[in-house]
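Enquirer:
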Amino acid sequence: MTNVAYAEPAEEVVAIVRLRRGVVGERRRVCHLVPIPGSGPVPHELLALCGEPIAPGDAEVMNRICGMPCEACLARSSRGRYRSFW
Ligand SMILES: [Zn+2]
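Using this note's numbering, read the sequence shown as starting at 6 and increasing by one per residue.
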């Protein structure tokens, strides 16, 4: 018997980002969900839930999903506990 208490895992903050025009073709300009580190510096490259690498300068942060959402990101977000960034 122990006195260890288990807390629920913290929610992770995610941002909705879309790669800028010219960085990728129009077909790949979908809205990805990108987990944002809760503390420490923002890394040089973030990773969307679907695995797409996102360089901060190559993407725009959206205040909502507009246009086509990334289906892989949406599918993976339904399995996690996320809090929106905005
Ligand atoms: Zn994605």
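No residue lacks a Cβ here, since even glycine has one placed at the ideal position from N, Cα and C.
Could you please give the first and the last residue of the uninterrupted alpha helix (DSSP H) stretch that includes C55?
Expert: Run containing C55: none; DSSP gives neither H nor E here.
Enquirer: Hey, how far is the Cα of S83 from the Cα of P74?
Expert: 14 Å
Enquirer: Under 6 Å Cβ to Cβ from P40, same chain only, skipping five residues before and after it: list those, please.
Expert: E17, V19
Enquirer: What's the gap between the Cα of E57 and the Cα of V47?
Expert: When the Cα atoms are used, E57 and V47 turn out to be separated by approximately 17 Å.
Enquirer: How is C71 classed by DSSP in three states: helix, strand or coil?
Expert: Coil.
Enquirer: Please state the DSSP three-state secondary structure of R33.
Expert: helix
Enquirer: Who are the Cβ neighbours of V28 in its own chain at under 7 Å, not counting the five residues just before and after it?
Expert: D63
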